[in-house]
Structure formats: structure tokens, C-alpha cells
Amino acid sequence: DFLSPTVLKTFRIKKYWFVVLVLLAGASFFTARFIIARVERQPAENLSAAVAGKVIVVDPGHGGVDPGVTGKSGVLEKNINLAVAGKLASYLGQAGAMVLMTREADVDLSDPGTTGLLAQKRQDLERRVALANENRADLYLSIHVNSYPFPDRCGARTFVQSGAAGALEAARLIQAELARVVKNTDLVTGEVDYYITRSTLMPAVIVDIGFLSNEREEKLLQDPAYQSAVAWAVYAGTAGYFAGRAAEPGPAPDKEAVIKTFKEPVRLKTFQP
Numbered sequence: 001d002f003l004s005p006t007v008l009k010t011f012r013i014k015k016y017w018f019v020v021l022v023l024l025a026g027a028s029f030f031t032a033r034f035i036i037a038r039v040e041r042q043p044a045e046n047l048s049a050a051v052a053g054k055v056i057v058v059d060p061g062h063g064g065v066d067p068g069v070t071g072k073s074g075v076l077e078k079n080i081n082l083a084v085a086g087k088l089a090s091y092l093g094q095a096g097a098m099v100l101m102t103r104e105a106d107v108d109l110s111d112p113g114t115t116g117l118l119a120q121k122r123q124d125l126e127r128r129v130a131l132a133n134e135n136r137a138d139l140y141l142s143i144h145v146n147s148y149p150f151p152d153r154c155g156a157r158t159f160v161q162s163g164a165a166g167a168l169e170a171a172r173l174i175q176a177e178l179a180r181v182v183k184n185t186d187l188v189t190g191e192v193d194y195y196i197t198r199s200t201l202m203p204a205v206i207v208d209i210g211f212l213s214n215e216r217e218e219k220l221l222q223d224p225a226y227q228s229a230v231a232w233a234v235y236a237g238t239a240g241y242f243a244g245r246a247a248e249p250g251p252a253p254d255k256e257a258v259i260k261t262f263k264e265p266v267r268l269k270t271f272q273p
């Protein structure tokens with residue numbers, strides 16, 4: 001009889017061990033994920049010395065009057081860019097880099113009296129480039145989010161100015177780390193002709209971290225844990241880039257000027273909708 005006390009007792013025991021096994025399996029999974037995460041981060045941690053002392057501009061794209069692209073949920077690119085860029089700046093700073101962020105809030109760098117969106121955007125870009133060039137930065141990293149008419153398009157991708165060998169090296173390493181850590185892309189580094197990439201005196205890499213036009217990525221890009229993973233991948237690629245570079249003679253960065261920039265930032269304009 002299936003409902004006899006003996007059978008019920010056996011069923012309960014089996015059910016108990018089933019629950020135990022499920023819990024153990026779950027614990028093993030999360031332990032494994034923790035170990036994998038540590039292993040994935042280990043190479044970049046070993047290369048952190050290569051980043052120490054480097055002047056790196058971290059540029060959260062858009063901001064202020066320029067929202068960038070907008071997702072179906074209403075999320076704005078400029079806010080995602082800032083969140084990821086902040087995490088990237090933190091990783092670089094912890095490794096000893098001297099980090100210059102072009103913005104740390106929802107602002108643009110145009111003067112309050114500048115009229116017309118195009119004029120504001122132009123001045124904003126000019127000021128971002130000037131910040132990097134005047135402080136003789138070693139690398140310029142600009143964080144962006146993409147959009148596309150076809151919602152199935154997804155994945156992170158890096159871009160550089162056509163013919164910029166140094167930037168291409170950095171971009172390819174960052175692209176490889178995005179593929180390894182985030183595992184959301186099989187894309188390759190592309191070439192562009194943007195004001196920032198052609199006007200900086202140092203290698204500049206545009207990092208499009210995903211597509212807001214893709215429903216899944218739109219959700220992921222708003223997840224702080226995913227943002228941290230993306231930022232770590234960009235950091236890891238950056239560390240690999242500096243570790244692989246041979247020492248090049250040239251004027252040392254003006255550390256006092258960089259410190260002054262932190263204390264007396266460029267006048268920023270907060271956007272009032």
C-alpha cells in the first residue's frame with residue numbers, strides 16, 4: 001500500500017536527502033562561480049603594477065543636455081555610461097593609476113551661455129579632449145552604449161580611429177577581456193572617425209558596452225553586478241595593454257597639473273530639464 005506508514009517514512013527520508021543534495025549542489029555551484037570569478041580576475045590583478053602611475057582619462061559618454069540613446073524602459077545611455085565609468089575609475093585608481101573623469105554627474109562641459117544643442121555638444125567634446133591632452137594622459141577610455149534598429153543585435157564592441165596602432169592594440173585587448181569575462185560578444189574591434197578619437201594626442205578607445213535596443217541587454221546594463229563585470233573587463237584589458245608596452249622615452253606627465261585638475265575641475269554645467 002503506497003500510503004502505508006513504512007512507505008511514507010521512506011518517501012520522507014528520500015525527500016529529505018533530495019533537499020540536502022539540492023542545497024549541496026547549489027552551494028557547490030555558487031562556490032564554483034566564486035572560484036571562477038577569482039580565477040578570471042587573477043590575471044589582471046597580477047598586472048596591476050603596469051597601471052600604477054599611468055594617467056588615464058575615463059570618459060562617461062554624453063551627459064547633461066545630451067542623453068545619448070534611450071532604452072524602451074526609458075533608461076538613458078548617459079546614466080549607464082556614468083555608472084560603468086565610475087566602477088572602471090575605481091578599479092584603475094585602486095591599481096595606482098591617476099584617473100581623470102570627464103564628468104562625475106549628469107553634466108556636460110559646455111558654458112552656460114552656449115546656445116544650440118550642436119554648439120553645446122561641440123564645446124563639450126572639445127573640453128573632454130582638452131582635459132586629456134593638457135594633462136598628457138597615457139590612455140583615453142570613452143564608455144558608451146549602442147542602439148540598433150534590429151533588436152537582436154547585441155554585444156560589447158570597441159572602436160578606434162582608423163590607423164591608430166596604439167589604440168588598436170589597447171582596444172583588441174579590451175575586446176578580448178569583454179569576451180572572456182562578460183561572455184556576451186563575438187564582435188571585433190572596429191574603426192571610426194570621431195572627433196575624440198582623432199583629436200586626442202594619446203591612444204583613445206571607444207567602448208560600446210552593449211545595446212539598449214536589445215531587451216535582454218537593456219536589463220543587464222542596469223544591473224550593478226553586470227556593470228561591475230563590464231568595468232572589470234575594460235580594466236583587465238587596459239592592464240594588459242600597459243603590461244605589454246615597451247617603455248617609451250618622452251616627457252613625464254605633469255603630476256602637479258593632474259592633482260590641480262582634481263582639486264579645481266573644469267567648470268561644469270548641470271542640466272536642468
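Heads up, the sequence shown is in UniProt numbering, so the first residue is 1 and it goes up one at a time.
Don't be surprised by glycine CBs; every beta carbon is placed ideally from N, CA and C.
Item to complete: Go ahead and pull the three-state DSSP assignment for Ser142.
Response: Here residue 142 is taken as the residue at index 142 of the sequence shown, counted from 1. The answer is strand: DSSP assigns Ser142 an E or B state.
Discussion item. Whether or not the region 145-155 and the region 63-78 are in contact is what I'm after, with contact meaning three or more pairs of Cβ atoms, one per stretch, closer than 8 Å; do they touch?
Written reply: yes
Worksheet item: Tell me which same chain residues have a C-beta within less than 6 Å of the C-beta of Thr114, skipping the five on either side of it?
Response: Position 114 of the sequence shown holds residue 114. If we look at Thr114 and ignore the five residues flanking it on each side, its Cβ neighbours are Gln120 and Gln123.
Discussion item. For Ile35 and Ala233, what's the separation of their Cα atoms in angstroms?
Written reply: As a first step, residue 35 is located in the sequence shown; it is residue number 35 there, counting from the start. As a first step, residue 233 is located in the sequence shown; it is residue number 233 there, counting from the start. Residue placement at Ile35 is flagged as unreliable, the pLDDT there being 31, under the threshold of 50; the coordinate-derived value follows with that caveat. Roughly 17 Å between the two C-alpha positions.
Fill in: Status (buried if at least 16 other CB within 10 Å, exposed otherwise) for Leu109
Taking the sequence shown and counting its residues from 1, one reaches residue 109 at position 109. The residue is buried, with at least 16 neighbouring Cβ atoms inside 10 Å.
Worksheet item: Roughly how many angstroms separate the alpha carbons of Asp186 and Asp152, rounded to a whole number?
Response: To locate residue 186, count along the sequence shown from 1; it is residue 186. To locate residue 152, count along the sequence shown from 1; it is residue 152. When rounded, the distance between both Cα atoms is 14 Å.
Item to complete: Report the option in Arg172, Val58 and Asn184 whose CA atom is closest to the CA atom of Val129.
Response: Position 129 of the sequence shown, counted from the first residue, corresponds to residue 129. Cα-wise, what sits closest to Val129 is Val58.
Item to complete: Give me the Cα-Cα distance between Ala229 and Lys87, rounded to the nearest whole angstrom.
Response: In the sequence shown, the residue the question calls residue 229 occupies position 229. In the sequence shown, the residue the question calls residue 87 occupies position 87. One C-alpha to the other measures close to 9 Å.
Worksheet item: Do Gly61 and Asn81 have their C-beta atoms closer together than 8 Å?
Response: Stepping through the sequence shown from its first residue, residue 61 is reached at position 61. Stepping through the sequence shown from its first residue, residue 81 is reached at position 81. The answer is yes: Cβ separation under 8 Å.
Fill in: Simplified DSSP state of Asp59, which is helix, strand or coil
Residue numbering aside, residue 59 sits at position 59 when the sequence shown is read from its first letter. Three-state result, Asp59: strand.
Item to complete: Could you pull out every residue in the same chain whose Cβ sits closer than 8 Å to the Cβ of Arg216, ignoring the five residues on either side in sequence?
Response: Here residue 216 is taken as the residue at index 216 of the sequence shown, counted from 1. Contacts found: Cys154.
Worksheet entry | Start and end residues, alpha helix (DSSP H) containing Gly93 | Here residue 93 refers to the residue found at position 93 of the sequence shown. Where Gly93 is concerned, the enclosing alpha helix (DSSP H) stretches over Glu77 to Gln94.
Fill in: Option nearest Gly64 by Cα separation, candidates Ser48, Leu125 and Gly96
Within the sequence shown, residue 64 is the residue found at index 64, counting from 1. Of the listed residues, the one whose Cα sits closest to Gly64 is Leu125.
Worksheet item: Met202 bridges to which residues according to DSSP?
Response: Within the sequence shown, numbered from 1, the residue matching residue 202 stands at position 202. DSSP, once it has assigned bridges, lists no residue as partnering Met202.
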